[in-house]
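**Student:** Handing you a structure now.
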Amino acid sequence: MSYPLIFERSRKGRRGLKLAKGVPRAEDYIPKAFLREAPPRLPEVDELTLVRHYTGLSRRQVGVDTTFYPLGSCTMKYNPKLHEEAARLFADLHPYQDPKTAQGALRLMWELGEYLKALTGMDAITLEPAAGAHGELTGILVIRAYHEDRGEGRTRRVVLVPDSAHGSNPATASMAGYQVREIPSGPDGEVDLEALKRELGPHVAALMLTNPNTLGLFERRILEIASLCKEAGVQLYYDGANLNAVMGWARPGDMGFDVVHLNLHKTFTVPHGGGGPGSGPVGVKAHLAPYLPVPLVAKGEGSFYLDFDLPKSIGRVRSFHGNFLALVRAWAYIRTLGLEGLKKAAALAVLNARYLKELLKERGYRVPYDGPTMHEFVAQPPPGFRALDLAKGLLELGFHPPTVYFPLIVKEALMVEPTETESKETLEAFAEAMGELLGKPREWLEGAPYSTPVRRLDELRANKTPKLTYFDEG
């Protein structure tokens, strides 16, 4: 059954809100040149219709509160409701108020920064970036500022990225003005060390790595990689998307990384559905600290304050001080679990992934890079099956599909990450559904899903000629 849009529920003249007398009008404060010549084309509905519409939509959405969400490299773990209570404590806080009146918030930010530094082995941190990719850009801009300050900005114009990297890595480097060169993976799924040696040199600014990588494999030669980078004057960047596998067990700083971004909206249970808001703090070693964005939260004698005294800073990367309520949720997660709890979460994430991997192998799926995988793994269906058809079939069986066709080095890739918060029964039911799909007729798979509100979309047309508003043509 199709679900009407809010515009289709609209009836001219209906209202859900009536402003009291004396409420200021926009034209009393905004210059006429900035006002619309005609009112916006908004839906006209009463309050009850509006409430029923969005409540109905919420029942049709898929999320971690309603279903298993095995998205590889996304760590879609459960978001404890205690965190919502914690966030509500700061509901009246305003970013323009005097920092002297927001000491509790500043203390929380400072403490969170200290926790994240301890977990990553970094010396300084900014909480400003609003998402993981935003954190990536911030980290690369810090690296660029460092090279420019040393007089090497014109010569170091290349960023190296493995062929299994997240797509945001090369996009970030390109956005920061760098050329991107790809490093191939070896037959074991890890970085090809000889290929890396051939690329390193005085022209390279940074190497961006995820560890464990997107195949779910820990880079066992990471100390040698870090040593090679250091000898070449290359900064080593840690994409923190997969920190969930090693949280509390291994620190990027101890592996030799100079910069790390974290996804609080993944690893630290902050919600990140619907496009945000996320949070992507960036930690750096001491030699990069002068270039971090301003302001930093600092601790003085008896109080906390915002430190703007960084002459070499890259400047602000976000309005105000980041997505603060996301920071509150991450702080609450760390304080609730403690170090031992965080280590247990990482261990369970690895255990769940390895258990699910074996279940899928028993049902006919292949794992081309089947080493000691960590929190996620990349499987392939048997010959003759398409990953896309299996993903659509999973929707019909009541499961959200895993990431498909990534990383690109695996044909018909199914990238699966169950996270530590899923039960053994859930993993077994998912594996059972994956096995059931392999017994379905080809015609059934190619037509799935059948009972979802929307069936197969024309994805190419949606990408090339999107309708961004209700009134768009085409």
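Residue numbers (numbering that gives the first Met the number 0): 0 to 473.
Idealized CB from N, CA, C, for every residue including glycine.
#1: For isoleucine 139, does the three-state DSSP call read helix, strand or coil?
#2: Would you check if the distance between the CB atom of methionine 373 and the CB atom of phenylalanine 217 is smaller than 7 Å?
#3: Excluding five sequence neighbours on each side, which residues of the same chain lie with their C-beta closer than 7 Å to the C-beta of arginine 385?
#4: May I ask you to report which of helix, strand or coil DSSP gives leucine 159?
#5: Judging by CA-CA distance, which residue of Phe376, Asp27 and Lys423 is the nearest neighbour of valine 403?
#6: Which of helix, strand or coil does DSSP assign to lysine 284?
#7: Alpha carbon to alpha carbon, how far is tyrosine 368 from alanine 90? Give it in angstroms, no decimals.
#8: Do the stretch 189–209 and the stretch 148–162 make contact, defined as three or more Cβ pairs closer than 8 Å?
#9: Are the beta-carbon atoms belonging to valine 296 and methionine 121 less than 7 Å from one another?
#10: In whole angstroms, what is the alpha-carbon distance linking glutamine 234 and proline 448?
#11: Using three-state DSSP, classify serine 422 as helix, strand or coil.
#12: Thinking alanine 172 and alanine 331 are a contact (beta carbons under 8 Å), I'd like their distance in whole angstroms, please.
#13: With 16 as the cutoff for other CB atoms within 10 Å, does proline 417 come out buried or exposed?
#14: Report buried or exposed for tyrosine 236, applying the criterion of at least 16 other Cβ atoms within 10 angstroms of its Cβ.
#15: Just verifying my parser: in three-state terms, what is the DSSP assignment at serine 184?
#16: Would you kindly work out how many angstroms separate the C-alpha atoms of threonine 48 and glutamate 395, rounded to a whole number?
#17: Would you call the stretch 239–253 in contact with the stretch 328–342, where contact means no fewer than 3 C-beta pairs closer than 8 Å?
#18: Going by beta carbon distance, what residues of the same chain come within less than 7 Å of proline 401, once the five residues before and after it are set aside?
#19: Grab me the residues of tyrosine 77's own chain with a C-beta within less than 6 Å of its C-beta, minus the 5 sequence neighbours each way, in chain order.
#20: Count the other CB atoms, across all protein chains shown, that sit within 10 Å of the CB of proline 380; report buried if there are 16 or more and exposed otherwise.
#21: Could you compute how far the alpha carbon of lysine 423 sits from the alpha carbon of arginine 365?
#22: Does DSSP put leucine 467 in a helix, in a strand, or in coil?
#23: Just to confirm, are alanine 288 and alanine 123 a CB contact at a threshold of 7 Å?
#24: Just list the beta strand (DSSP E) runs in the stretch 4–45, keeping only unbroken ones of 3 residues or longer that don't cross its boundaries, in chain order.
#25: Look up valine 190 in the DSSP assignment and give the residues it is bridged to.
#26: List the endpoints of the continuous beta strand (DSSP E) containing lysine 298.
#27: Name, in chain order, the residues that DSSP records as bridge partners for phenylalanine 376.
#28: So does the stretch 222–229 actually touch the stretch 305–325, counting three or more Cβ pairs closer than 8 Å?
#29: If I measure Cβ to Cβ from lysine 298 and keep anything under 7 Å in the same chain, skipping five residues before and after, which residues do I get?
#30: Tell whether a beta-carbon distance below 7 Å holds between valine 44 and serine 1.
#31: Considering Cα atoms alone, identify which of Tyr177, Ala175, Gln178 and Leu208 is closest to aspartate 191.
#32: Have a look at proline 465 and threonine 119 and give me their C-alpha separation to the nearest angstrom.
#33: By Cβ distance, which residues of its chain are closer than 6 Å to threonine 425, with the 5 residues on each side in sequence left out?
#34: What would DSSP say about histidine 260, mapped onto helix, strand or coil?
#35: Is the distance from the Cβ of histidine 146 to the Cβ of arginine 153 below 7 Å?
**Tutor:** Looking at the coordinates:
#1: helix
#2: yes
#3: Glu411
#4: strand
#5: Phe376
#6: coil
#7: 47 Å
#8: yes
#9: no
#10: Distance between the alpha carbons of glutamine 234 and proline 448: 46 Å.
#11: coil
#12: The pair is not a contact, with the Cβ atoms about 34 Å apart (cut-off 8 Å).
#13: So proline 417 ends up on the buried side.
#14: buried
#15: strand
#16: 30 Å
#17: yes
#18: These residues qualify, in order along the chain: Pro69, Leu70, Gly71, Leu413, Met414 and Val415.
#19: Val63 and Thr420
#20: That one is buried.
#21: 21 Å
#22: coil
#23: The answer is yes: Cβ separation under 7 Å.
#24: DSSP runs (the beta strand (DSSP E)) wholly in the stretch 4–45: none.
#25: According to DSSP, which records beta bridges pairwise, valine 190 is partnered with Ser184.
#26: 295–298
#27: Val415
#28: no
#29: Trp109
#30: No Cβ-Cβ contact shorter than 7 Å links valine 44 with serine 1.
#31: Leu208
#32: Cα to Cα, proline 465 sits roughly 41 Å from threonine 119.
#33: Taken in chain order, the residues that qualify are Phe67.
#34: strand
#35: Contact check for histidine 146 against arginine 153 fails: the beta carbons are separated by 7 Å or more.
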